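Numbering (the UniProt record's numbering), first residue to last: 1 to 330.
Structure, as structure tokens:
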């Protein structure tokens, strides 16, 4: 291992520049050194555009590259598990885009391999590494809100392009898988425990694909929760979190992209306060955490085991909504 992390990108995904390529340019310990795509021409074009030195015509070739220490896996949902496992077998650390896998059963298999490998496997919930989310966690853990009564999280934005892979069941698509995995993760962060899904209702794009979803939760300590997600519904755009306790209320506007605009509001009895943080991108903080884990063994919150717990809730929501679980892409 070098004194910095050399990253290879699996696939010429549109999220890759924002998630790792641009953050790596401002990092002293991370470098994107290689890219692979299903065709060498596509990989070369992506590499030329983003200044990546090494190009591979297959994912297998990138995983075999000794100049690559870690891989960023932004492939379609149904391929996340398969290629994370392949990366681990090749001895590479993995930053895997959310959702971690197609379902909780697959997530458990990947987590078992990750834990046995001794390698870093991080689910890319970038929002969780921003100071805003870190502060939210501090407030919840402090107990200042008192016993919780209700938490809620909404991640909704418009995506009316129905040819998009997010609407493809064969690629483990669906609103709950794409935007909804964030809402579930946020509700778990606020709730402080692992919830039971009480009910769920989907708006459908096709027989098995949700374009929006609402779910009701209940936590072991008795507080309730709700998650709402949408890629296309009457809720066009909403990004928010809220926790209500006996002593006060925490509200967050735009926890997902706080580097654009955000607000944290805290009301405790008769006292109100608000906080804002800087505009450094969430993805830069995430890359810091990933490289700290790889180089120094520093703990991080979005582990493979945490991913299993998140996928367990997502599976339960699909079951409650009467929809089939997503499956790995063959």
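Even for Gly, the Cβ is constructed at its ideal location relative to N, Cα and C.
Bear in mind the structure is a predicted one, so any value in this text is a computation, not a measurement.
With contacts defined by Cβ atoms closer than 8 Å, residue 191 and residue 148 form a contacting pair. Annotated three-state conformation of residue 210 is strand, per DSSP.
Contact between the segment 175-191 and the segment 117-129 is present: 3 or more CB-CB pairs across the two stretches fall below 8 Å.
Under the criterion of beta carbons closer than 8 Å, residue 61 and residue 87 do not qualify as touching, at roughly 13 Å. The beta carbon of residue 193 sits closer than 8 Å to those of 219, 220 and 221, all from its chain and outside the five residues before and after it, given in chain order. Unbroken alpha helix (DSSP H) stretches of 4 residues or longer found wholly inside the segment 254-304: 282-296, given in chain order. C-alpha of residue 103 to C-alpha of residue 181: approximately 11 Å in a straight line. Only exposed fits residue 161, as fewer than 16 other CB atoms lie within 10 angstroms of its CB.
Distance from the Cα of residue 228 is smallest, within the candidate group 201, 244, 209 and 19, for 201. Sixteen is the threshold: since fewer than 16 other Cβ atoms of the shown chains lie within 10 Å of the Cβ of residue 271, the residue is exposed. The shortest C-alpha to C-alpha distance from residue 179 to any of 159, 197 and 195 is the one to 159. DSSP, read as helix, strand or coil, puts residue 310 in helix.
Looking at the DSSP output, residue 201 bridges to 214. Ranked by Cα distance from residue 140, the options 226, 273, 242 and 319 are led by 242.
Excluding sequence positions up to five before and after residue 29, its CB lies within less than 8 Å of the CB of 3, 4, 5, 291 and 295, all in the same chain and listed in chain order.
Here residue 7 carries a strand assignment [DSSP, helix/strand/coil].
Bounds of the beta strand (DSSP E) holding residue 122 are 121-123. Contact between the segment 205-214 and the segment 316-327 is present: three or more C-beta pairs spanning the two stretches fall below 8 Å. Note on geometry: alpha-carbon atoms of residue 288 and residue 14 lie some 21 Å from one another. Pairing residue 172 with residue 72, the inter-Cα distance amounts to about 19 Å. Your pair residue 267 and residue 249 checks out as a contact, with CB atoms roughly 5 Å apart and the cut at 8 Å. Beyond the five residues adjoining it in sequence on each side, residue 152 comes within less than 6 Å, by CB distance, of 226 and 242 in the same chain, given in chain order.
Cβ contact annotation for residue 25 (same chain, cutoff 7 Å, sequence separation greater than five): none.
For residue 241, the uninterrupted beta strand (DSSP E) segment begins and ends at 238-245.
The C-alpha of residue 311 lies about 29 Å from the C-alpha of residue 265. DSSP, reduced to helix, strand and coil, places residue 84 within a helical segment of the structure shown.
Residue 101 and residue 110 do touch by the CB rule: their CB atoms are close to 6 Å apart, below 8 Å. Of the candidates 143, 278 and 230, 143 places its Cα closest to the Cα of residue 246. In the displayed model, residue 156 falls within a strand according to three-state DSSP. Pairwise C-beta distances place the segment 104-123 in contact with the segment 74-86, as three or more of them are shorter than 8 Å. Counting the other CB atoms within 10 Å of its CB gives residue 326 a total of 16 or more, which places it among the buried residues.
DSSP lists 156 and 212 as the beta-bridge partner residues of residue 230.
When secondary structure is reduced to three states using DSSP, residue 191 falls in the helix class.
Taking the C-beta atoms as reference points, residue 132 is found nearer than 8 Å to residue 252. Bounds of the alpha helix (DSSP H) holding residue 106 are 104-117.
Per DSSP, residue 38 lies in no beta strand (DSSP E) and is assigned neither H nor E.
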